[in-house]
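Below you'll find the structure, written out as structure tokens, and then a few comments.
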Amino acid sequence: MATAMDQLGNPSSVHLEGRAVRATVERARGRVAEALGAGGGEIVFTSGATEAATLALAERNLKGAAVEHEAVAAWVGLELDADGAGRVAVPEPDRSTLQLANSETGVIQELPRGLAVSDATQAWGKLPVAFDRTGAEMALVSAHKLGGPKGVGALIMRRGCRLDPRIPGGGQEMGRRSGTENVIGIAGFAAAVEAAVRDLDAGVWEEVAKLRNILENGIAAGSHRTIFVGRDAPRLPNTSCFASPGWKGETQVMAMDLAGFAISSGSACSSGKVRESRVLRAMGYDGETARSAVRVSLGPSTTEENIGRFIDAWTMARNRVAGRAA
């Protein structure tokens with residue numbers, strides 16, 4: 243990224259400086275395609291997976307499930323059902339979208355052949371996935387989920403797929419997404435995705451999964467009523483979603499923030515009103531459980547000491563809430 247900052251040309255210009263920047267973008271495109279197993283596809287750089295979802299899904303009338311991310315759910319009919327483990331059956335793949343892994347629960351889906359679109363944002367870099375083997379026509383990815391910079395992502399599509407641009411203008415990105423490319427972000431994207439593949443090959447995420455299991459066992463030992471969402475299904479190695487009925491998710495987030503831990507709530511606050519987790523409700527959980535869910539994410543830098551301190555802090559806060567309830 244630092245090297246790209248020193249390149250002053252516009253990648254659409256034909257002069258020497260412009261050609262040098264264009265070469266940087268195209269080298270990055272090739273590196274991203276290779277790292278993501280998309281040698282048989284095309285990479286369209288975007289501002290992130292949300293824009294990629296709009297580009298892939300707008301006005302296509304595809305079907306999806308309520309467990310999809312908001313960026314996808316905004317464009318599809320939520321007609322597909324999820325079971326209690328969060329898994330979705332897709333009877334018409336060519337008319338449907340299905341996430342590869344869920345952002346709240348970490349539950350991994352089995353993608354059917356011929357799927358129209360898959361949101362692979364959460365999975366890439368943590369699972370050994372190659373786009374050419376997914377069977378999907380298009381897939382979404384965001385650089386920051388791979389350890390790269392925020393504000394850049396891509397739509398990956400099979401060669402020959404028809405796509406109408408949502409942003410008209412100068413015809414950049416092969417006429418599919420106008421606007422001068424974010425060259426610095428794209429350079430960082432390529433570097434990050436290659437590093438993510440190296441970590442995956444080195445078994446980094448297998449170690450993270452072991453820590454995730456230690457975390458869940460420790461939480462369960464301190465609170466027998468805690469519900470671990472999707473625990474019986476294949477999950478991402480870094481994601482734990484659990485609910486402690488009677489203790490609201492946003493309250494848990496605040497308690498852990500004061501203890502020095504950043505977690506997220508399965509609930510969302512909007513205009514002062516607390517909404518249940520749409521994902522958990524789609525999986526059949528009741529409102530109280532959905533409102534008491536939190537997601538804890540781990541990473542390669544997480545240590546067993548971190549896990550132990552978190553378990554102690556969470557259990558202490560949970561006991562205080564239980565004591566007040568009594």
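Here the working numbering runs 242 ahead of the position in the sequence shown, where the first position is 1.
Glycine is no exception: its CB is placed at the ideal position from the N, C-alpha and C atoms.
Contact under 8 angstroms by Cβ, residue i with residue j
i: Gly282; j: Arg477; result: no
i: Gly395; j: Ala462; result: no
i: Leu453; j: Pro370; result: no
i: Ile285; j: Ile398; result: yes
i: Gln249; j: Val425; result: yes
i: Trp447; j: Pro407; result: no
i: Leu340; j: Val318; result: no
i: Ala308; j: Leu299; result: no
i: Thr422; j: Ser254; result: yes
i: Asp374; j: Ala280; result: yes
i: Val450; j: Gly541; result: yes
Own chain partners of residue i with C-beta closer than 7 angstroms, once the 5 adjacent residues on each side are dropped
i: Ile469; result: Phe484, Ala485, Thr531
i: Val495; result: Ile505, Ser506, Ser507, Val536
DSSP three-state assignment for residue i, whether helix, strand or coil
i: Glu259; result: helix
i: Glu546; result: helix
i: Val358; result: Note that residue 358 is Ala in the sequence shown, not Val. Note: Ala358 maps to coil in three-state DSSP.
i: Arg269; result: helix
i: Glu293; result: helix
i: Gln536; result: Going by the sequence as given, residue 536 is Val instead of Gln. Note: Val536 maps to strand in three-state DSSP.
i: Lys387; result: helix
i: Lys305; result: strand
i: Glu321; result: strand
i: Ile350; result: strand
i: Arg408; result: coil
i: Val371; result: coil
i: Arg418; result: coil
i: Trp489; result: coil
i: Val332; result: coil
Sequence-distant residues of the same chain with beta carbon closer than 6 angstroms to residue i, five excluded per side
i: Pro335; result: Pro354, Gly356, Leu357
i: Gly427; result: Pro391, Gly393, Val394
i: Val332; result: Ser338, Leu340, Pro354
i: Gly460; result: Ile553
Assumed close pair residue i, residue j - CB separation to whole angstroms, cut-off 8 angstroms
i: Leu297; j: Arg440; result: About 29 angstroms separates the two Cβ atoms, so there is no contact after all.
i: Gly251; j: Ala265; result: 10 angstroms between Cβ atoms; not a contact.
i: Leu342; j: Asp323; result: Not really, about 18 angstroms apart at Cβ, beyond 8 angstroms.
Cβ neighbours of residue i in the same chain (closer than 8 angstroms, five flanking residues each side left out)
i: Glu458; result: Phe470, Arg473, Ser482, Phe484
i: Glu546; result: Leu453, Ile456
- Task: Examine the Cβ distances between the segment 468-483 and the segment 321-328 and report whether three or more of them are shorter than 8 angstroms.
- Result: Output reads yes: the segment 321-328 touches the segment 468-483.
- Does the segment 424-441 come within contact of the segment 302-320, defined as at least 3 CB pairs closer than 8 angstroms? Counting Cβ pairs under 8 angstroms, fewer than three are found: no touch.
- Could you say if the segment 382-395 and the segment 414-432 meet the contact criterion of at least three C-beta pairs nearer than 8 angstroms? Contact between the segment 382-395 and the segment 414-432 is present, with at least three C-beta pairs closer than 8 angstroms.
- Determine contact between the segment 267-282 and the segment 486-506, defined as no fewer than three beta-carbon pairs at a distance below 8 angstroms. Taking a contact to require three or more Cβ pairs closer than 8 angstroms, the segment 267-282 and the segment 486-506 do not qualify as touching.
- Determine, using beta-carbon pairs with one atom in the segment 496-505 and one in the segment 546-561, whether at least three such pairs fall under 8 angstroms. Contact check between the segment 496-505 and the segment 546-561: three or more CB pairs, one atom from each, fall below 8 angstroms, which counts as touching.
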